[in-house]
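*Asks:* As numbered in my numbering, the sequence shown has no gaps in its residue numbers, which increase by one up to the final residue, 640.
For reference, the structure I am asking about is given below.
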Amino acid sequence: RQNNLKQLLSPAFLLFVLVGFAVIFYLGIRQPMLHEWDEYSLWGTIVKLMKLNNELYTTAPNGFAWATTQTPTLPALAYFVQFFGTFAVWKIYVAYALLLLSVVSALVGAVPLRQYQLAVPLAIVGLLTPWVFTVYARQYEAKFIWLSAYGDMPAGMLFGGALLLYFGLRQQKAPLWPVTVALAALALVKDNTFVFALAAAGIMVVDLLFAVQKSPKEAPKQPFAARLRGLFGKNTNPLRQPGSYTITGWLGHAALFLGVAAAPYMLWGRYIGKVVSARQAAGMVDPASESPFASLLVGAKMLFGLEERTEWFSETLSAMQQQFFWAFKYSTNPATGEWATSKVPGGAAIGMLGGGLAIVVVITLLFLTAVVLAQNNKMRLRIAAAYVCSWLCFLGYSFELLISFVFILGEGQGLTPSYNRYMYGYYIAWFLLAVWFLAQAAQGRSSTAQAGQKKLAPGLAGGAVLALAALLMLRSNMMLPLQNSDIGYPVAAYSKQHTQAAFAASVANALEEDPQRIFFVSQGEGSDLKWFQYHFYLLPHVIDYSGVPQKVGGAGGGGGTYTAPELLNGENPLAYNTYSQQELQAYITQNNCTYMLIEDLDERFIASYSSLFTDGLEQAEEGNTVLYKVQGAGSSLQFVPVPMEVPTR
């Protein structure tokens, strides 16, 4: 209830504002584009849907059904950053960057400006943390390391940020209700972050036990309204220490934190169930999966020997245990598309600090250092309790991943490289929590510490933070060259995306203004990704997810490769959507497609369907058009060429 404007000069606030403006300015100039698969199939597309329709992506017109089940925290954040002007991909990255910066600011927290020798290395640690835990040398074999709209890194940072917010408010003896906002947002980043939110709430509830004090006998009896407020607010009784709580206050906070962590996910699940039912009734197909709670029960029985383990369960459990101690190099067999692995010692699978075991050792050393250098015994107990709780939560999260691999992703997926993405989110939060405790020891604020400890411990803790910042800078310099980073990536890296966007813009100019539903044809390799790319570029026009009705439950659909069944010649049937001419006419009529876009053509498509085109596909073969308008319906359906300017690709 004060306007203390001097607080705006804190290192945390200055870091957020100054670096935030720098990020906006820089990304506005460079204007990076989407470049990874799931950015086109999910993260970027649903933000564009929201911006174009000004409604949640769950109800916006879309070419495929399963994207509607994505949880809303990051898309909503990116949508609100799109508020000024038209949709732009680089604004999605701005939204993510501001989220990461807010967490780094929470790490710097209440360090005053005069302690710049602590604030600067602490900010460096926070700014480098996302990359240190997500960049590893194996990635250089395939691609550059730069901006990504995937949700795994922000999920880990938000997990850590929720914990930092709680501990920072506790340090300031401030009300704790803002933590509920972070917990609710964390629960809805991805499906697995529901477990993150529960873990964060559990760590907070245990730590809050150290703030519980008995009411003094001589304390005057408070009015009922004041006692009711005390359930969720800090204690204001003048006879008790500031920032303390009664046992009822602790119970109230425990119920609040755990309830806010669980309720959004549960409510979202019920809402999505209704959305999926409505889409199924309308003829759209959503993927079915096992109930997560039923899977958890079965998995727990298998884990503790109450039910016989399946071979796939045992294999996955063994692989996860090995992955903690070893790194695995992944490659694919071009003939079968299956993952092949080879064991690599040294643990370079997760990030710059090494594999799972190496990361846990580093985090343990940070906690141990914080315990030794803490100001008093109570703080040492709090740090130890947080470490034990975070270990238990780590085991619980690992079990949740085991259940996901076994029951949700299904047999045949195995521990693909995505395993790293699922794991480093927890390591990021765990690491940030350890660094925060170390930073508190470096501030040396306690009035109960001994005089000698006041002089020695903060200096040692500050030196540890400085050494940690130097280590992260060294590893980043070794493994993340400037030209491969977010700052120095080459403009030519997005040349393919610029070409595709220009091609899509030319197609859009030839379409009627009202949103159209387009049947997409792209013969040849790589067409699955092309489907999602052009679906993104052409919005609000919708590309039909062609092939799904014939292959529900299979691997087909959405690729854009088609042939008559008799021309398949015994080849892999999953490489093509097989339609006779009559089936193709019926499908396009049923799905209300108004245009056909032929992004890439081959002899097989010409031989299969050229008689359905009024020009026999002559205009497409000559490069005069890639767009045909649907005329008629059913057995009388034909395709008429649309005059347009076809850009060079």
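Note that beta-carbon positions come from the ideal geometry of N, C-alpha and C, so glycine has one too.
(1) Could you give the uninterrupted runs of the beta strand (DSSP E) lying entirely in the region 495 to 522, keeping only those of 3 residues or more?
(2) Would you please state the rounded distance, in angstroms, between the beta carbons of Y256 and F185? I believe it to be under 8 Å.
(3) With DSSP as the reference, please indicate the residues paired to L(-4) in a beta bridge.
(4) Tell me, which residues are paired with M587 by DSSP?
(5) Judging by CA-CA distance, which residue of A611, F304 and G479 is the nearest neighbour of P23?
(6) With a cut-off of 8 Å on the beta carbons, I'd call A501 and L618 a contact; round off their distance for me.
(7) Just the C-alpha distance for L5 and A190, rounded to the nearest angstrom, thanks.
(8) Judging by CA-CA distance, which residue of L344, F55, Q162 and T639 is the nearest neighbour of A492?
(9) Which of helix, strand or coil does DSSP assign to F604?
(10) What are the boundary residues of the beta strand (DSSP E) that F315 is part of?
(11) Excluding the 5 residues flanking L33 on each side, which residues of the same chain have their C-beta closer than 7 Å to its C-beta?
(12) Relative to the C-alpha of A97, which residue among V289, L118 and L156 is closest?
(13) Assign N45 to one of three DSSP states: helix, strand, or coil.
(14) Check the C-beta distance from A86 over to V99 and give it rounded, since I have them as a contact under 8 Å.
(15) Give me the residue from A88, I194 and F124 with the minimum Cα distance to A347.
(16) With a cut-off of 8 Å, do at least 3 Cβ pairs link the region 552 to 560 to the region 587 to 600?
(17) What did DSSP end up calling Q629 once you bin it into helix, strand or coil?
(18) Hey, how far is the Cα of Y48 from the Cα of L25?
(19) Relative to the C-alpha of E620, which candidate in V631, G614, G19 and L(-4) has its C-alpha closest?
(20) Kindly indicate which three-state DSSP category V180 falls into: helix, strand or coil?
(21) Which whole-angstrom value is the C-beta distance of L91 and P63, which I expect to be below 8 Å?
(22) How big is the Cα-Cα spacing for A202 and G234?
(23) Using alpha carbons as the reference points, say which of V197, S268, W259 and A254 lies closest to L242.
(24) N708: buried (16+ other C-beta within 10 angstroms of its C-beta) or exposed?
(25) I'd like to know whether the C-beta atoms of A460 and P112 end up nearer to each other than 7 Å.
(26) Quick one, which of V533, A175, Q163 and L559 has its alpha-carbon nearest Q(-2)'s?
(27) With a threshold of 8 Å, are at least 3 pairs of Cβ atoms found where one atom belongs to the region 451 to 468 and the other to the region 382 to 394?
(28) Within 8 Å, do at least three Cβ pairs link the region 457 to 472 to the region 366 to 376?
*Replies:* In brief:
(1) Runs of beta strand (DSSP E) with 3 or more residues, each lying fully within the region 495 to 522, are found at 508 to 513, listed in chain order.
(2) As a working mapping, residue 256 is identified with position 265 in the sequence shown. As a working mapping, residue 185 is identified with position 194 in the sequence shown. 4 Å between Cβ atoms; contact.
(3) Here residue -4 corresponds to residue number 5 of the sequence shown, with the count starting at 1. Answer is none; L(-4) lacks a bridge partner.
(4) In the sequence shown, the residue the question calls residue 587 occupies position 596. Looking at the DSSP assignment, M587 forms a beta bridge with F510 and Y619.
(5) As a position in the sequence shown, residue 23 is number 32, starting the count at 1. The residue from A611, F304 and G479 with its alpha-carbon nearest to that of P23 is G479.
(6) Here residue 501 corresponds to residue number 510 of the sequence shown, with the count starting at 1. Here residue 618 corresponds to residue number 627 of the sequence shown, with the count starting at 1. The C-beta distance from A501 to L618 rounds to 5 Å, short enough to meet the 8 Å contact threshold.
(7) Taking the first residue of the sequence shown as 1, we reach residue 5 at position 14. Taking the first residue of the sequence shown as 1, we reach residue 190 at position 199. Their backbone Cα atoms lie some 30 Å apart in a straight line.
(8) Within the sequence shown, the letter at position 501 stands for residue 492. Closest option to A492, Cα to Cα, is T639.
(9) Numbered from 1 along the sequence shown, position 613 holds the residue referred to as residue 604. If DSSP states are grouped into helix, strand and coil, F604 belongs with the strands.
(10) Indexing the sequence shown from 1 puts residue 315 at position 324. Element bounds for F315: not the beta strand (DSSP E) but the alpha helix (DSSP H), E302 to F316.
(11) Locating residue 33 in the sequence shown gives position 42, where the first residue counts as 1. Taken in chain order, the residues that qualify are A58 and Q61.
(12) Numbered from its first residue, the sequence shown carries residue 97 at position 106. For A97, the nearest C-alpha among the options comes from L156.
(13) Taking the sequence shown and counting its residues from 1, one reaches residue 45 at position 54. In the structure shown, the three-state DSSP call for N45 is coil.
(14) As a working note, residue 86 is residue 95 in the sequence shown. As a working note, residue 99 is residue 108 in the sequence shown. Not quite, the Cβ-Cβ distance comes to about 21 Å (not below 8 Å), so this is no contact.
(15) The residue you call residue 347 lines up with position 356 of the sequence shown. Strictly speaking, residue 347 in this sequence is Gly, with Ala absent from that position. The shortest Cα separation from G347 among A88, I194 and F124 belongs to F124.
(16) As far as the Cβ criterion goes, the region 552 to 560 touches the region 587 to 600, which means the pair count is three or higher.
(17) In the sequence shown, counting from the first residue as 1, residue 629 sits at position 638. DSSP, read as helix, strand or coil, puts Q629 in strand.
(18) Here residue 48 refers to the residue found at position 57 when the sequence shown is read from its first residue. Here residue 25 refers to the residue found at position 34 when the sequence shown is read from its first residue. One C-alpha to the other measures close to 18 Å.
(19) Mapped onto the sequence shown, residue 620 falls at position 629. According to the sequence displayed, residue 620 carries Lys and not Glu. The candidate whose alpha carbon is nearest that of K620 is V631.
(20) Numbered from its first residue, the sequence shown carries residue 180 at position 189. V180 falls in the coil class under three-state DSSP.
(21) Working through the sequence shown from its first residue, we reach residue 91 at position 100. Working through the sequence shown from its first residue, we reach residue 63 at position 72. That belief does not hold up - the Cβ atoms of L91 and P63 are roughly 19 Å apart, past 8 Å.
(22) Taking the sequence shown and counting its residues from 1, one reaches residue 202 at position 211. Taking the sequence shown and counting its residues from 1, one reaches residue 234 at position 243. Their Cα atoms are separated by approximately 7 Å.
(23) What you label residue 242 is simply residue 251 of the sequence shown in a count that begins at 1. Distances from the alpha-carbon of L242 to those of V197, S268, W259 and A254 put V197 closest.
(24) The structure shown has nothing for residue 708, since the chain only spans -8 to 640.
(25) In the sequence shown, residue 460 corresponds to position 469, counting from 1. In the sequence shown, residue 112 corresponds to position 121, counting from 1. Their beta carbons are under 7 Å apart, which means A460 touches P112 by this criterion.
(26) In the sequence shown, residue -2 corresponds to position 7, counting from 1. Taking Q(-2) as reference, the option from V533, A175, Q163 and L559 with the minimal CA-CA separation is Q163.
(27) Output reads no: the region 382 to 394 does not touch the region 451 to 468.
(28) The region 366 to 376 vs the region 457 to 472: no contact.
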